[in-house]
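Everything below concerns the one structure shown next.
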Amino acid sequence: VGTRGDGYEKGLRAAVTAVSLDKTGGAFGVMTSDMTKPNYGFVRKDAGFALIFVTDENDCSHDGSVEELRNTCGNNICEYLNSSAISEGDTPLIAPEVFAEELRQNLADTKGIEVDDLSEDSLLIASIHGTWQRFAEP
Numbered sequence: 001v002g003t004r005g006d007g008y009e010k011g012l013r014a015a016v017t018a019v020s021l022d023k024t025g026g027a028f029g030v031m032t033s034d035m036t037k038p039n040y041g042f043v044r045k046d047a048g049f050a051l052i053f054v055t056d057e058n059d060c061s062h063d064g065s066v067e068e069l070r071n072t073c074g075n076n077i078c079e080y081l082n083s084s085a086i087s088e089g090d091t092p093l094i095a096p097e098v099f100a101e102e103l104r105q106n107l108a109d110t111k112g113i114e115v116d117d118l119s120e121d122s123l124l125i126a127s128i129h130g131t132w133q134r135f136a137e138p
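Letter by letter, the sequence shown follows residues 1 to 138 in our numbering.
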């Protein structure tokens, strides 16, 4: 919390990882779930799922090729990687649409169901965020 921490905002990656079967061990209420996993109980089998991001920066989740300097300058690097200076196909930043699919798949895996059986009515994902616009020019 605050504005002086690590400048590499990766909330999308964190959310997708948090609901993965590896972290949850399965949904609460599923007999075969592994209750020793760190996020066990975070997802319930028959419950809806809501996720709300509150951030002041664009997401900087990337493919691993960005050398993170562990300082507050990370947001400048992320802004550059999200600018028109880098073509969309060449940026190491991962598109939000990719995370949306991964999130749906991880939730389905955790609940022990097929992704097509995951009801859109049972998902709410929203954000309160700064301006995001690919290739935004000043």
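All C-beta atoms, glycine included, are put in the ideal place defined by N, C-alpha and C.
In the DSSP assignment, find the unbroken beta strand (DSSP E) run with residue i in it and report its ends.
i, result
"ALA27", "Element bounds for ALA27: n/a, residue is neither H nor E."
"LEU124", "123 to 128"
Can you tell which of the options has its C-alpha closest to the C-alpha of residue i?
i, options, result
"LYS172", "ASN39, ALA100, ASP116", "Since the first residue shown for the chain is 1 and the last is 138, residue 172 is missing from the structure and cannot be characterised."
"GLY112", "VAL16, MET35, LEU69, ASP46", "ASP46"
"LEU12", "VAL54, GLY25, GLY48, ARG44", "VAL54"
"ALA15", "VAL115, ALA100, ASP121, HIS129", "ALA100"
"GLN105", "SER119, ILE94, PRO92, LEU93", "SER119"
"ILE94", "ALA85, LEU69, SER122, SER65", "SER65"
"THR17", "LYS37, GLU88, LEU124, ILE86", "LYS37"
List the endpoints of the continuous alpha helix (DSSP H) containing residue i.
i, result
"VAL98", "96 to 111"
"ARG13", "11 to 18"
Does the ligand COA have even one heavy atom less than 6 Å from the beta-carbon of residue i?
i, result
"VAL43", "As presented, the structure is devoid of all ligands, the ligand COA included, so that no description of it is given."
Near residue i, what residues of its chain come up, given a Cβ to Cβ distance below 6 Å and the 5 sequence neighbours on each side ignored?
i, result
"ASP117", "none"
"ALA126", "ILE52"
"LEU124", "ALA50"
"VAL115", "ARG104, GLN105, ALA108"
Can you tell me which residues form a DSSP beta bridge with residue i?
i, result
"ALA50", "LEU124"
"LEU93", "HIS62"
For residue i, which residues in the same chain have their Cβ closer than 7 Å to its Cβ, ignoring the five residues on either side in sequence?
i, result
"PRO138", "Bear in mind that the predicted position of PRO138 carries a pLDDT of just 49, short of 50, making it too unreliable to give a figure here."
Please return the same chain residues whose Cβ sits closer than 8 Å to the Cβ of residue i, not counting the five positions on each side in sequence.
i, result
"VAL19", "ASN39, PHE42, VAL43, PHE49, LEU103, ASN106, LEU107, THR110"
"ASN76", "GLY7"
"SER33", "THR24, GLY25, GLY26, ALA27, TYR40"
* Asked: Three or more C-beta pairs closer than 8 Å, one from the stretch 8 to 26 and one from the stretch 49 to 62: is that the case here?
  -> yes
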